[in-house]
Structures are given as structure tokens and as C-alpha cells.
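Heads up, the thing below is written out as C-alpha cells.
Protein chains in written order, with our numbering: chain W, 54 to 484; chain S, 249 to 702.
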């Protein structure tokens with residue numbers, strides 16, 4: 054008997070979340086193929102409404118269904134009373150999330166791809182020790198509920214993580230980059246080319262003065278600015294009023310060059326899906342438009358608490374209830390080409406890889422990061438790597454005045470699309 | 249379970265095979281402000297088979313269904329056969345058979361969700377009692393009880409109970425755009441009794457958030473800094489500990505040259521140790537996740553690099569002794585070289601003497617987190633005070649310390665006589681997410697630290 058049927062008469066509403074994943078992984082360590090792995094995941098999470106109270110339980114032990122049900126009902130005895138309704142059947146947003154060319158990739162082909170990447174990086178720098186992890190998988194998530202929704206999301210992610218260690222004397226450089234797609238991309242070597250280019254640019258060491266100066270953030274560097282924005286746009290932080298953007302919809306808090314969109318409708322992106330993890334159809338949400346706050350991201354529960362509608366932004370792992378979360382968060386690219394931005398710069402710091410991302414009081418907008426990789430720009434040129442440099446500021450101040458946003462942008466960590474951003478004046482501390 | 253695992257191992261065609269199975273039950277109760285986020289129990293069961301073909305590499309299969317273990321062993325073997333890398337050897341470890349039970353005074357598995365909710369709700373009420381300036385709170389109770397079965401093809405079988413209970417209390421204070429957080433917590437290898445009677449932690453968290461509202465942002469620059477015990481422990485874990493993990497150096501001659509044993513890293517006063525055998529700490533196990541006994545490994549002794557942390561594979565490759573530091577974050581992961589309980593040994597300097605010589609400096613306390621890129625590190629203090637004319641002065645915020653490891657370790661010029669183990673929840677995130685570790689240290693003074701600020 055189906056688990057939802059077993060809950061009839063015991064709960065007013067019920068929801069089953071079922072995941073089934075199969076992933077194949079190939080790992081290279083220090084330029085050498087090291088391991089091949091097969092990962093199978095199966096599990097069920099239940100949510101039930103009993104007397105208006107929400108309960109949750111989960112299990113990866115498929116033989117423990119009775120305990121799962123008992124745990125969910127017990128959990129509901131303590132849940133807060135909430136006007137939450139699970140969604141009925143609705144059409145999902147049309148989007149491509151699966152590709153047989155990825156699910157059909159053989160172990161041998163994954164090994165070849167990894168080897169190509171290592172060769173490419175080592176041609177740029179023979180001292181580089183390269184680690185590559187390639188994963189291809191098939192992920193299936195299904196949400197069914199007593200309101201009749203049956204939302205199935207099938208994805209075929211291909212993920213490549215590349216990291217490089219280069220040690221010369223006491224000089225250590227660590228670089229990493231990440232590539233992901235759910236639709237086959239012939240240009241999978243772009244991630245290796247990018248790392249090779251960074252190694253080349255980092256060959257020369259130079260120094261930079263301390264003080265206030267223009268600072269250019271690369272797409273990866275822009276995570277310093279993007280992460281506090283992401284937390285500030287989270288409906289839960291808004292409902293709890295710890296987001297500095299809370300209560301400021303319609304106000305212009307940022308420079309007109311800043312536009313932020315969450316878009317789960319893009320074909321082939323890992324954050325894309327027809328439905329969110331509660332069976333609500335996903336949709337494109339414009340969050341900041343030309344510097345003006347437009348709205349926030351909500352799941353069902355947070356929306357019920359805040360008295361608004363879900364934006365189809367629920368995300369969950371197996372063992373925790375859903376939370377609002379961005380799908381593909383995009384800082385819109387600008388008008389100016391990177392070459393033109395560089396030409397106009399007399400002296401600046403180019404921020405590439407921050408350390409300590411997410412540390413400190415991030416939701417307040419404050420950032421203070423040492424830089425794992427940063428370059429000096431002088432007379433329009435990148436002249437070398439600078440070490441022992443840190444930057445600090447608060448995005449609610451510094452994003453009020455943006456000098457330029459590049460036309461070029463890149464996906465960072467799979468789910469963030471970021472351009473180059475030039476801030477006219479930021480405090481730089483250097484040794 | 250033992251028989252099923254050993255039977256499956258006998259079917260293996262690989263040179264070496266191991267199976268690790270974990271059965272876990274965990275509960276959590278979380279309050280955000282006045283709202284209960286969740287009060288739930290989850291069940292997690294799964295396993296991993298890891299096989300080695302000596303002329304190839306590692307084959308790994310992870311799974312939730314325990315139904316057909318021999319099929320998983322075959323799957324891992326086929327994966328291993330697909331690897332054509334470099335030969336891999338494992339350092340010798342004598343086989344062990346042991347059942348390790350951890351008796352709990354108040355076993356949390358027998359305590360109702362109701363009682364757990366009542367406890368954490370009480371702490372949450374304390375956080376909220378500090379008035380309207382407290383904008384938000386998070387009060388989190390968690391417990392988990394894991395039973396881990398480990399067997400390998402060399403005859404080792406270990407069954408181990410791994411309990412943990414924790415509370416985390418966080419208060420967010422807001423005044424206009426000024427948003428500040430204070431937090432405290434406790435994670436223990438104990439029963440429910442360990443997290444009872446901890447009201448003072450809630451008071452501390454709320455008071456700190458309010459105090460930080462009044463604090464100015466630190467002025468960036470270079471300062472002499474005193475780290476409190478909590479921060480000094482994170483510092484040594486992040487800034488130095490990860491460099492002493494042999495998987496960083498074993499395949500990289502340049503890294504080996506940098507981390508050559510006998511190299512001076514600090515002054516004579518500095519001794520750093522990793523010890524996975526100290527009773528009652530979160531990083532403690534009698535055996536690591538390859539069945540190697542844990543123990544005390546001196547990393548820096550009187551300023552000189554004398555040791556590093558190994559798995560069986562890195563030890564064999566470097567011709568050193570395995571140290572029992574191969575650890576895995578659950579059944580989804582193969583073991584990699586990790587720290588256990590890492591600490592700076594106590595010195596002789598009283599705190600007042602450290603302060604006395606500082607005309608302008610920073611006393612950095614607690615931690616938000618830390619990250620290292622080996623040579624460079626960054627870690628953020630939860631709160632801090634200026635030191636002026638040998639005295640602790642006003643509170644400051646947004647203190648992020650950073651620097652170069654080699655220079656910074658040499659700049660440690662005083663080590664306190666007031667050693668403490670840290671008991672905050674959280675863990676080490678290397679590669680596989682949060683693994684329980686402990687850190688410990690006395691107060692430590694470092695000259696010339698870069699502090700980011702505006």
C-alpha cells in the first residue's frame with residue numbers, strides 16, 4: 054500500500070518526497086587517475102499536517118516505513134500551526150534538464166576527459182599538480198501529495214571539479230574551478246583553459262600599496278558581493294527581518310547597474326527544473342531591477358509565515374525540511390566589454406579567489422576577505438599576482454556606486470552567473 | 249552484521265577490500281525566533297565498499313540498500329579494475345577485532361522529542377528575553393547515535409558506537425542597518441545530561457549580540473594580537489594542521505621540500521600535537537576509518553617540524569608510520585587524511601603578562617570560521633577588544649585575521665599557561681563536509697598580524 058494511503062485518516066494533508074540517484078565518479082589526484090566510484094542514493098521524506106501542525110521525518114532505510122510514519126506523526130505534535138496548503142496538480146515550467154549524451158558517458162570517456170584537462174593545465178605550467186573529479190549522474194526526485202500533485206524532476210548533471218596546487222619554495226598557489234551542466238556541452242575544456250590562464254597570469258609576483266583604490270572583481274571574485282545579496286534576498290531572512298532589504302521592496306538600494314534575477318527556466322543549468330522540491334512550478338523571479346528591490350524568494354512555509362505566495366523556490370536535501378533557495382542566481386551583465394574596463398584603469402586590484410567566503414556577519418552585508426588569488430592592474434594591464442592582500446567593506450554601501458559591469462559573465466560554482474564588477478573605491482590592506 | 253560483511257569480503261577478487269556500514273538515528277529541534285522550525289527524527293542507513301587493485305587504483309561503491317553486499321563488493325572491484333594509475337601500497341597495520349560501546353548517563357534515544365523541545369525552548373526564551381533589539385534567534389538541539397561496522401579483508405572487524413549531542417544558540421540584534429550576531433554552543437560525546445543546565449550560554453550569546461551593536465568596526469592594519477583559547481585552537485587547525493596532512497605532500501616533491509621534517513616553524517615555545525586517543529573528545533576514536541589505532545602525533549616540537557598525519561596509503565608512500573588519521577564523514581565517503589584533536593600545548597605565560605607589553609593591539613575572541621589556502625589563511629573572530637596601554641579597552645567588530653603561515657608561526661612570541669579544549673559544535677570541512685574534530689589551546693600572542701577592516 055502506498056505510504057500516502059497509509060496516512061489517510063491520520064493526517065489532513067501529507068506529502069512524500071522520494072529521491073533516487075545514481076552517480077558515477079572518476080577521480081584524478083596529483084595528475085594521476087586514482088579512483089572510480091559508483092554512488093547509489095535512495096530515500097524518502099514525509100511531511101504531514103495534523104490538526105494544522107506540520108511534521109517532518111525522513112529515512113534512507115526503505116525497510117523502515119512504519120517508523121518513518123510514526124516519526125512524522127510524532128513530529129507534527131510539536132509543529133507550529135500554519136495555514137500551509139500543499140499544491141495541487143499543475144503543469145511544470147518547460148525546461149530541458151536531462152540529456153542521454155551525459156547519462157551515456159562511459160567511465161573510459163570520463164577518464165579521457167580528465168586526462169585532456171590535466172594535459173592542458175600542465176602545458177601551461179609543468180609544476181602544477183592537478184586534481185580532477187568528474188561526475189555524471191541521473192537524479193530523480195518526486196513529490197506527491199494528498200492534494201494530487203505529482204511532480205517529477207529528472208536531471209542528468211555532469212560536474213567537473215578541477216583544482217591545482219603549485220608549490221615553489223614557500224610560495225603556494227591553489228586554484229580551483231567548477232563546471233556543471235545537465236545538457237552535453239562540447240566545450241567542457243573551458244574550465245581547464247580558465248585555470249591554465251590563471252596560472253599563467255600568476256607567474257609574476259608583484260606588490261600593491263595599502264589604501265583606497267578601484268577594485269575589479271572577476272566572476273569568481275564577485276562571489277564576495279553575490280553571497281550577501283543571496284542571503285539578503287532569501288525570504289526567510291526577510292520574514293525574520295535580519296535582511297537589510299526587509300521592508301524595502303520598491304526602494305532603490307543599489308546602483309542602477311545592478312540587476313539580479315533568479316531563473317530556473319534556463320535549459321541545461323543544474324538549478325533548472327520544471328518544479329521546485331515541494332511540487333510548485335518553478336518560475337523566473339526578478340529580485341533587483343536597476344538597483345531597485347523587486348522581491349524575495351519563498352518556499353511554501355516561509356510564504357505562509359510571511360503571508361505571501363511561494364515563488365517556487367523550495368530546495369531540500371533528504372534529511373531536512375525544504376528551505377527557500379536560489380536556483381540559478383544571475384547578476385545581469387552590463388554594457389562594457391572587459392577589455393574596455395581594463396583600458397581605463399590606472400591602478401587597481403583584480404580580485405579572483407577570496408578566502409573565508411561566508412565567514413563573518415554575511416547577512417548584514419559585511420565582507421572582509423583575504424585573497425587566495427588576486428592580481429595588480431596597472432596602466433590597463435594585469436601585471437602579476439599579489440599576495441597577503443585583503444579587502445573589506447559592506448555591500449549595502451559599496452554596491453551603491455558601481456563604476457562598471459562587464460558584458461562578459463561566467464557561471465561560478467554551478468548556480469551563480471556573475472560578471473566582472475568594478476567598484477570605484479574600496480579599502481585594500483596589503484602587507 | 250559481522251557475518252554478512254565477512255562473507256561478502258570473502259567473495260572479493262581485489263587485493264584489498266573493506267566495508268563500512270553505518271546505521272544512524274538523529275533528532276533535531278530548531279527554533280527561529282518564536283517559531284518552531286522543526287522537531288524531527290531521521291533514520292539514515294548506508295554503506296561503502298572500497299577495493300584496491302595494487303597496479304591500478306581504488307574502486308568505490310556507496311549505497312543505501314544493504315540487501316546484496318556481495319554485489320556491492322563486485323561493483324567496487326569492477327570500478328578498481330577500471331583505474332590504470334600508479335601502483336598503490338598500504339602500510340602494514342595488525343588486524344584488530346573490537347566492539348566499542350559508549351555508555352551514556354541519559355541516553356537521548358530514550359528521551360522524548362517533547363523533552364528535547366522543552367529544553368531548547370527554554371534556552372530560546374532566554375535569548376528572546378533580552379528585548380526588542382533581539383531581532384531573531386536560532387536555538388538548535390541535535391543528537392545522533394551512529395553504529396559503525398567496519399571490516400576489511402585483512403581480518404579487522406570493529407563495531408563502534410558514535411553518539412553526539414549538541415546545542416547551538418544564536419541571537420541576532422538589529423538597530424537600523426546594523427545587524428550583529430552573538431552565538432554560543434556545545435557539542436559533546438555524552439548523553440542528554442551534557443546539554444542540560446546550560447542557561448548561561450544563552451545569556452552570553454544574547455549579551456554579545458547586543459554589545460556588538462555598540463562596537464565599532466576595527467581599523468584595518470597590522471597589530472600585535474592575543475588570541476583567546478577558542479580562536480587559537482581554530483588558528484592552529486586551519487593555518488598549520490592542514491599542511492601537516494600527508495595527502496597534501498605525498499605526491500608532490502615541491503610540497504615535501506617545503507614541509508621537510510626538521511624545518512624550524514616557530515620559536516622554542518611552540519609545540520603542536522594531534523591526538524585521536526584523548527578520552528571524551530569529539531575527534532577521538534580508538535581506531536580510524538581504516539582500522540589503524542589512533543594516538544599522539546607531535547607535529548611541531550619546540551618550534552621544529554617533527555611529524556605529520558597519515559593514512560595507510562600516504563604512510564606507505566612516504567615510508568613513515570601510519571598515524572590513525574584516515575577518517576571519513578559518513579558512509580558516502582572514503583577515508584582521507586584528517587585531523588582528530590589538534591592542539592597547541594600549554595606554555596608558561598600568564599595572560600596579564602601577555603597584555604602588559606602591548607601598547608596598541610587586538611584581543612581576538614571566539615570564531616565565526618576559518619579557511620586556509622595552505623600558505624595563506626584567513627579566520628574571523630566572533631568579537632574582539634582593542635588593547636590599549638596594556639589594558640583591554642573597547643569592543644570592536646568585523647575582525648578578520650589573515651596572514652602567511654610561515655611568518656605568523658614565527659611571530660608567536662608568548663604562549664599562555666591557561667590551556668582549554670574547545671566545545672563548540674561544528675566540524676572540519678575538508679573535502680567531505682563536517683567531520684567532528686576538537687581543537688585546543690591556551691591564550692597565544694602573535695606579533696604583526698594583518699587585520700582586515702575599513
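Here a beta-carbon is modelled for each residue, glycine too, at the ideal position from N, C-alpha and C.
query, result
"Burial state of residue 604 of chain S, where buried means 16 or more other Cβ atoms lie within 10 Å", "exposed"
"Residues in the region 345–365 of chain S having any Cβ partner in chain W nearer than 8 Å", "361, 362 and 365"
"Straight-line gap, residue 473 of chain S to residue 665 of chain S (C-alpha atoms, nearest Å)", "17 Å"
"Complete beta strand (DSSP E) runs within the region 95–123 of chain W (minimum length 3 residues, chain order)", "106–112"
"Nonlocal neighbours in the same chain, by C-beta distance under 6 Å from residue 695 of chain S, ignoring five residues either side", "472, 659 and 661"
"Spatial neighbours of residue 683 of chain S in its chain, beta-carbon cut-off 7 Å, leaving aside the 5 residues before and after", "575, 577, 586, 675 and 676"
"Residue 646 of chain S and residue 421 of chain W closer than 8 Å at C-beta", "yes"
"Cβ of residue 263 of chain S within 8 Å of any chain W Cβ", "no"
"Reference residue 163 of chain W, options W:242, W:404 and W:265, closest by Cα", "W:242"
"Three-state class that DSSP yields for residue 631 of chain S in the structure shown", "strand"
"Assigned secondary structure, residue 611 of chain S (DSSP; H/G/I helix, E/B strand, else coil)", "strand"
"Length of the line joining the Cα atoms of residue 486 of chain S and residue 618 of chain S", "6 Å"
"Rounded distance between the beta-carbons of residue 420 of chain S and residue 457 of chain S, thought under 8 Å", "6 Å"
"Complete alpha helix (DSSP H) runs within the region 256–299 of chain W (minimum length 4 residues, chain order)", "276–285 and 288–292"
"Partner residues on chain S for residue 295 of chain W, Cβ-Cβ distance less than 7 Å", "383, 384, 420, 422 and 427"
"Assumed close pair residue 150 of chain W, residue 325 of chain W - CB separation to whole angstroms, cut-off 8 Å", "6 Å"
"Under 9 Å from the C-beta of residue 311 of chain S: neighbouring residues of chain W", "91, 92, 93, 94 and 95"
"Length of the line joining the Cα atoms of residue 329 of chain S and residue 399 of chain S", "21 Å"
"Of the listed residues W:483, W:68, W:476 and W:285, nearest to residue 350 of chain W (C-alpha basis)", "W:285"
"Short CB-CB distance (under 8 Å) between residue 412 of chain W and chain S", "yes"
"Of the residues W:89, W:170 and W:127, the one placed nearest residue 250 of chain W, counting alpha carbons only", "W:170"
"Buried/exposed call for residue 639 of chain S, threshold 16 Cβ in 10 Å", "exposed"
"Per-residue burial, residue 257 of chain S [other beta carbons within 10 Å of its own, 16 or more giving buried]", "buried"
"Below-8 Å beta-carbon distance, residue 478 of chain S vs any chain W residue", "no"
"CB contact below 8 Å: residue 110 of chain W versus chain S", "yes"
"Candidates S:547, S:524 and S:520, of which the one nearest residue 592 of chain S by Cα", "S:520"
"DSSP state of residue 417 of chain W mapped onto helix, strand, coil", "helix"
"Coil, strand or helix - residue 445 of chain W by DSSP", "strand"
"Whole-angstrom distance between residue 173 of chain W and residue 437 of chain S, CA atom to CA atom", "48 Å"
"Whole-angstrom distance between residue 463 of chain W and residue 396 of chain W, CA atom to CA atom", "21 Å"
"C-beta neighbour in chain S for residue 358 of chain W, strict 8 Å", "yes"
"Close beta carbons around residue 80 of chain W, own chain, < 6 Å, minus the five adjacent residues each side", "87, 88 and 186"
"Short Cβ contact (8 Å threshold) for residue 360 of chain S with residue 385 of chain S", "no"
"Contacts of residue 160 of chain W in chain S (Cβ-Cβ under 7 Å)", "330"
"Contact set between the region 275–289 of chain S and chain W, restricted to residues whose Cβ is under 7 Å from the partner", "280, 281, 283, 284, 286, 287, 288 and 289"
"Extent of the continuous beta strand (DSSP E) run through residue 507 of chain S", "Per DSSP, residue 507 of chain S belongs to no beta strand (DSSP E) and is neither H nor E."
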